[in-house]
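Numbering (the numbering used here), first residue to last: 799 to 1170. The structure under discussion appears below in the form of structure tokens.
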Ligand SMILES: Cc1cc2nc3c(=O)[nH]c(=O)nc-3n(C[C@H](O)[C@H](O)[C@H](O)COP(=O)(O)O)c2cc1C
């Protein structure tokens, strides 16, 4: 997915050092201040991610990041930050002739979010001005399908940093602006490639589907799909008093913090979605939706099975609810092994259905995405 559907570009400046007393933020600050006027006049938004604030632990995700199936909220937050960018500037020191461990770790956490986006390096250090760190990082970023640009800034600390601040010069400032210029040209040229970076599902009931966790850029389409799908529910259950019909885009944005949402696209168009979250021993599944013109081809059952497969180890059962007159939904869930259970906390005129996780594993579906 293109990370930015408007005409503007978003450049994310990443501060790679994390130690107390570090120089990194001062270098980032100089770079951002220097390029800001040029960015504004070229419709470029510059954001900063300081890895000390991002505060990722050492990689603790059980699955390969190429699956985009993240267990931890810190990963999902980092995923959203990186996915929202069109290009990166990495502000990095050199540690022992290489990149800082925090930077390598931050790269390793994600996969598709980095792809087909240009990256430039602003390096700093002693004699080599951090260039060995940038060279090492280039070898890693190309594996993630980032595209390093040639323009660079390399700061020898002794020459350019005084009292903890970069003492800019005309030449240095011009180098910073050249980085932004080259980065934005390449980012715009790469836009068509970024249109199709979601993992393609190999076992889907129809061809050409991609599946990944929802990001902020999906919300507008998600809202439209949700309203469209719940119109049918309103008709069947003879009520307009349905939360999915009333929700705003802000409600959906807020729900990204507490729920995991997955989006299914067909040839780029959002055609289905589902969300889930753990509550004690239960894996709550909800908002299973399929675009009406795509209904009947198995996407809903397949996506339900996928959501079930994401249940954390500690959960014992999957549970969901639907309108008591939604006969087609109810029979679909019963065919998938769900049975009606005590109602619990659900809206009036609804039916709760549950299924033990052991049952779900017998029908185990390997949802295939390319693994590198
Ligand atoms: C663990 C460590 C290793 C370092 N190794 C190098 C090095 O290989 N080459 C170099 O030019 N400077 C090296 N330095 C000096 C750094 O370039 C300098 O301390 C710089 O300020 C580090 O960036 P930071 O302050 O943002 O952490 C090293 C510093 C540290 C803390």
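Note that beta-carbon positions come from the ideal geometry of N, C-alpha and C, so glycine has one too. Small disclaimer: the values here were computed from a predicted structure and weren't measured.
Closest in alpha carbon position to residue 1039, among 972, 1147, 974, 1078, is 1147. In the DSSP assignment, residue 868 falls outside any alpha helix (DSSP H), carrying neither H nor E. In this structure, the alpha-carbon of residue 871 lies about 32 Å from that of residue 1132. Counting C-beta atoms within 10 angstroms of its own C-beta, residue 900 has 16 or more neighbours from the protein chains shown and is therefore classed as buried.
At a Cβ-Cβ threshold of 8 Å, residue 807 and residue 1075 do not count as neighbours. Contact between residue 863 and residue 909 holds, with the beta-carbon distance rounding to 4 Å and staying under 8 Å.
DSSP, read as helix, strand or coil, puts residue 1120 in strand.
Here residue 1109 is not near residue 1079, since their CB atoms are 8 Å or more apart. Only exposed fits residue 1056, as fewer than 16 other CB atoms lie within 10 angstroms of its CB. Nearest in C-alpha terms to residue 818, of all of 832, 877, 851, 840, is 851. With a cutoff of 7 Å, residue 962 does not count as near ligand 1, since its C-beta is closer than that to no heavy atom of the ligand. Beta-bridge partners assigned by DSSP to residue 881: none are found. Within the stretch 1013 to 1068, the runs of beta strand (DSSP E) that reach at least 3 residues and sit entirely inside it are, in chain order, 1058 to 1064. In this structure, residue 973 sits away from residue 947, with a CB-CB distance that is not shorter than 8 Å. Residue pairing by DSSP places residue 1077 opposite 1080 in a beta bridge. A distance below 7 Å between beta-carbons, with the five flanking residues on each side excluded, links residue 1003 to the following residues of its chain, in chain order: 1095, 1096, 1097, 1100.
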